[in-house]
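Data block below; observations after.
Numbering (the working numbering), first residue to last: 82 to 126.
Rendered as structure tokens:
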């Protein structure tokens, strides 16, 4: 890790979160398992 990076924080914690809203609106796509937790509960992991 580069020098001084361990003390820095991210100002926007949502910066890595992507939205699938366009996929839903434009293509009608829906994920089979909307979260990792529902996939785990369904036994597919």
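By construction, the Cβ of each residue, glycine as well, lies at the ideal position given by its N, Cα and C atoms.
Quick caveat: nothing in here was measured; it's all calculated off a predicted structure.
Identify whether residue i lies in helix, strand or coil by the three-state DSSP scheme.
i: residue 117; result: helix
i: residue 107; result: helix
i: residue 102; result: helix
Expressed to the nearest angstrom, what Euclidean distance is found between the alpha-carbon atoms of residue i and residue j?
i: residue 112; j: residue 93; result: 26 Å
i: residue 116; j: residue 122; result: 10 Å
i: residue 103; j: residue 95; result: 18 Å
i: residue 108; j: residue 125; result: 25 Å
What residues in its chain sit with their C-beta under 7 Å from that of residue i, if we drop five residues either side in the sequence?
i: residue 90; result: none
What does a CB cutoff of less than 8 Å around residue i pick up in its chain, not counting 5 residues either side in sequence?
i: residue 101; result: 110, 112
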